[in-house]
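What follows is a single structure, written as structure tokens, with notes after it.
Number of protein chains: 2
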Amino acid sequence: MRLAELSERSGVTTATIKYYLREGLLPPGERISATQAEYGEEHLRRLRLVRALVQVGRIPVATAREVLTAIDDDRTDQLTRIGTAVAALPQPAPPRRRDETVVTAEALAGELQRRLGWRIVVNNPAHQALVTALAALLRLGYPCAVEQLLPYGTAADGLAAHEIALIGEFASPTTQLEAAVALTVLYEPVLLSLRRLAQAEAATRQLRDPS
Amino acid sequence: MRLAELSERSGVTTATIKYYLREGLLPPGERISATQAEYGEEHLRRLRLVRALVQVGRIPVATAREVLTAIDDDRTDQLTRIGTAVAALPQPAPPRRRDETVVTAEALAGELQRRLGWRIVVNNPAHQALVTALAALLRLGYPCAVEQLLPYGTAADGLAAHEIALIGEFASPTTQLEAAVALTVLYEPVLLSLRRLAQAEAATRQLRDPS
């Protein structure tokens with residue numbers, strides 16, 4: 001298809017598509033003349049992922065490029081590619097200095113993951129984000145014992161099993177990788193808004209009918 | 001206690017405490033002379049909540065003031081106060097225009113909550129945030145059938161029950177309200193980072209030992 005059709009089918013303006021092409025977020029089409037190029041279904045699919053990252057996830061273009069480069073890096077296996085792509089997504093910054101609270105938070109994060117039966121990968125940015133979040137709870141004196149954290153881990157475990165099955169329904173390794181990245185970004189607001197709605201529902205039940 | 005002690009015990013500089021006092025995030029202390037005021041444990045507790053909102057949640061000062069005003073509004077019952085306070089927390093913007101996709105997303109959000117047995121409160125900002133998130137999934141053509149969304153709702157339901165119990169351990173209605181707001185903000189990054197770690201764990205298991 002030509003640029004105009006790619007624009008119409010994707011709902012992305014031709015100016016934005018050209019910008020994504022220049023920024024390397026979209027692979028170039030096949031040149032068919034000095035001024036025209038032909039695009040395929042893979043461009044449409046990739047455009048969908050770019051919009052998930054940039055427009056919905058509000059991820060900076062440079063970061064999105066990093067994520068896409070990881071997806072396309074065929075020198076590595078599927079597991080490394082998915083790990084690198086998801087790790088390149090924006091995360092809260094790790095703690096600035098490793099004070100006593102951070103050391104306690106690291107121990108807590110390790111204990112929690114052991115209890116859940118997970119491998120501990122300290123250089124996973126999500127591990128660092130967890131340590132930062134736990135250090136904030138500890139520093140402010142809010143409850144965060146392992147027993148109080150376990151329900152969050154168990155919930156995440158259940159969702160991950162569901163998500164792996166969902167991703168497995170995509171046809172090829174590349175589309176699976178793209179879906180894994182897109183769904184990580186797109187389902188975060190789903191999960192957070194449902195958490196708030198569930199809290200409102202539980203609070204309403206509790207206060208109207210305390211038992 | 002005097003300002004210096006409040007600063008030492010809270011770890012917040014006196015300059016920042018004075019700023020919070022000026023901005024109305026902290027109630028004034030009891031004047032004991034022209035230049036000195038006395039602060040109590042409730043100031044220490046409130047300071048902890050302000051830091052959770054402003055420093056950890058990166059919530060604008062004006063928004064934090066709105067949240068605190070809702071907590072302190074003793075003309076309304078506990079349920080209204082908690083609802084107003086949590087609703088004042090920053091949420092993704094609602095959809096800009098109500099096109100066909102938004103209408104489909106609204107129906108989907110309604111059906112999901114009905115299946116979960118929740119009351120549907122369309123003016124809850126979290127409901128609007130859910131509609132926005134589902135509209136993005138629909139628009140980009142990623143999977144979001146009710147069956148695929150239910151596990152997120154069920155997980156949120158389980159966490160809400162846990163959170164209500166956790167908050168119930170705080171002594172007074174006011175401390176419970178404060179804890180509800182603080183924990184909503186502070187546990188979001190815990191949940192999101194655990195989700196990414198659970199995904200990494202599930203992907204590692206799946207790809208090393210496909211079954």
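Protein sequences appear in the order of chains S and W. The letter at position 101 of the first sequence is residue 101 when you use UniProt numbering, and the numbering goes up by one with no holes. The letter at position 120 of the second sequence is residue 120 when you use UniProt numbering, and the numbering goes up by one with no holes. Every residue, glycine too, gets a C-beta built ideally from N, C-alpha and C.
Original post:
Using the beta-carbon of each residue, which ones in chain S are nearer than 8 Å to W/Ala182?
Top reply: In the second sequence, residue 182 of chain W corresponds to position 182, counting from 1. Simply Leu140, Tyr142.
Original post:
Can you tell which of S/Gly24, S/Glu106, S/Glu169, S/Arg115 has the C-alpha that lies nearest to the C-alpha of S/Arg46?
Top reply: The residue labelled residue 46 of chain S in the question sits at position 46 within the first sequence. Of the candidates S/Gly24, S/Glu106, S/Glu169, S/Arg115, the one whose C-alpha sits nearest the C-alpha of S/Arg46 is S/Gly24.
**OP:** Using only alpha-carbon positions, find the residue among S/Leu150, S/Ala4, S/Leu6, S/Val131 that is nearest to S/Asp99.
**Re:** For the purposes of this step, residue 99 of chain S is identified with residue 99 of the first sequence, where counting begins at 1. It is S/Val131 whose Cα lies nearest to the Cα of S/Asp99.
Original post:
To the nearest whole angstrom, what separates the beta carbons of W/Leu186 and S/Ala93, a pair I think is in contact under 8 Å?
Top reply: Taking the first residue of the second sequence as position 1, residue 186 of chain W is located at position 186. Taking the first residue of the first sequence as position 1, residue 93 of chain S is located at position 93. At roughly 16 Å, the Cβ-Cβ gap does not stay under 8 Å, so W/Leu186 and S/Ala93 are not in contact.
Original post:
Can you list the residues of chain S that W/Val86 reaches, using a CB-CB cut of under 8 Å?
Top reply: To locate residue 86 of chain W, count along the second sequence from 1; it is residue 86. Neighbours of W/Val86 on chain S, chain order: Arg196, Gln199, Ala200.
Subject >> Spatially closest choice to S/Arg208 from W/Glu42, W/Arg208, W/Ser7, W/Asp77, by CA coordinates >> reply: In the first sequence, residue 208 of chain S corresponds to position 208, counting from 1. The residue with the shortest Cα to Cα distance from S/Arg208 is W/Asp77.
Original post:
Under the three-state reduction of DSSP, which class applies to S/Arg58: helix, strand or coil?
Top reply: For the purposes of this step, residue 58 of chain S is taken as the residue at position 58 of the first sequence. Three-state result, S/Arg58: coil.
Original post:
Does DSSP put W/Ala37 in a helix, a strand or coil?
Top reply: Position 37 of the second sequence holds residue 37 of chain W. Here W/Ala37 sits in strand by DSSP.
Original post:
When the Cα atoms are used, what is the spatial distance from S/Ala88 to S/Asp74?
Top reply: Taking the first residue of the first sequence as position 1, residue 88 of chain S is located at position 88. Taking the first residue of the first sequence as position 1, residue 74 of chain S is located at position 74. Going by the C-alpha atoms only, they are around 17 Å apart.
**OP:** Identify which residue in W/Ala34, W/Ala171, W/Thr80, W/Val61 has its Cα closest to the Cα of W/Leu26.
**Re:** Counted from its first residue, the second sequence places residue 26 of chain W at position 26. That would be W/Val61, whose Cα lies nearest to the Cα of W/Leu26.
Original post:
Using DSSP with H/G/I as helix, E/B as strand and the rest coil, what is S/Arg96?
Top reply: Counting from 1 along the first sequence, the entry for residue 96 of chain S is found at position 96. Reduced to three states, the DSSP call for S/Arg96 is coil.
Subject >> Closest residue to S/Ala70 among S/Tyr39, S/Ala180, S/Gly168 (Cα-Cα distance) >> reply: Start at 1 with the first residue of the first sequence, and residue 70 of chain S comes out as number 70. Checked all of S/Tyr39, S/Ala180, S/Gly168; the closest Cα to S/Ala70 is S/Ala180.
Original post:
Of the residues that make up the UniProt domain "HTH merR-type" (1-70) of chain S, which ones have a beta carbon closer than 7 Å to any beta carbon in chain W?
Top reply: Arg48, Arg51, Ala52, Val56
Original post:
How many whole angstroms separate the CB atoms of W/Ala34 and W/Val50, which I take to be in contact at a CB cut-off of 8 Å?
Top reply: Residue 34 of chain W sits at position 34 when you count from the first residue of the second sequence. Residue 50 of chain W sits at position 50 when you count from the first residue of the second sequence. Between W/Val50 and W/Ala34 the Cβ distance is about 26 Å, and since that is not below 8 Å, they are no contact.
Original post:
Would you call the CB atoms of W/Ala126 and W/Gln91 closer than 8 Å?
Top reply: Stepping through the second sequence from its first residue, residue 126 of chain W is reached at position 126. Stepping through the second sequence from its first residue, residue 91 of chain W is reached at position 91. Their beta carbons are under 8 Å apart, which means W/Ala126 touches W/Gln91 by this criterion.
Subject >> Nearest-angstrom Cα separation, counted from S/Glu42 out to S/Leu53 >> reply: On the first sequence, residue 53 of chain S is found 53 positions in, with the first residue counted as 1. On the first sequence, residue 42 of chain S is found 42 positions in, with the first residue counted as 1. Straight-line Cα distance between these residues: approximately 17 Å.
Original post:
So, is the C-beta of S/Arg75 closer than 8 Å to a C-beta in chain W?
Top reply: The sequence position of residue 75 of chain S within the first sequence is 75, counting from 1. Chain W contact via Cβ: absent.
Original post:
Given that a residue counts as buried once 16 or more other Cβ atoms are within 10 Å of its Cβ, and exposed if not, what is W/Asn123?
Top reply: What you label residue 123 of chain W is simply residue 123 of the second sequence in a count that begins at 1. W/Asn123 should be labelled exposed.
**OP:** Would you check if there are 3 or more beta carbon pairs closer than 8 Å linking the stretch 187-201 of chain S to the stretch 157-167 of chain W?
**Re:** yes
Original post:
Is the Cβ of W/Arg96 closer than 8 Å to any Cβ of chain S?
Top reply: One-based indexing of the second sequence puts residue 96 of chain W at position 96. No, its Cβ sits nowhere closer than 8 Å to a Cβ of chain S.
Subject >> Closest Cα partner of W/Ala85 within the set W/Ala109, W/Thr184, W/Pro189 >> reply: Residue numbering aside, residue 85 of chain W sits at position 85 when the second sequence is read from its first letter. W/Ala85 has its Cα closest to that of W/Thr184, out of W/Ala109, W/Thr184, W/Pro189.
Original post:
Helix, strand or coil: which one does DSSP assign to S/Arg75?
Top reply: Here residue 75 of chain S refers to the residue found at position 75 of the first sequence. Note: S/Arg75 maps to coil in three-state DSSP.
Subject >> Contact list for S/Leu186 against chain W, beta-carbon separation under 8 Å >> reply: The count along the first sequence starts at 1 and reaches residue 186 of chain S at position 186. Residues of chain W passing the Cβ test: Ala133, Ala136, Leu137, Leu140, Tyr142.
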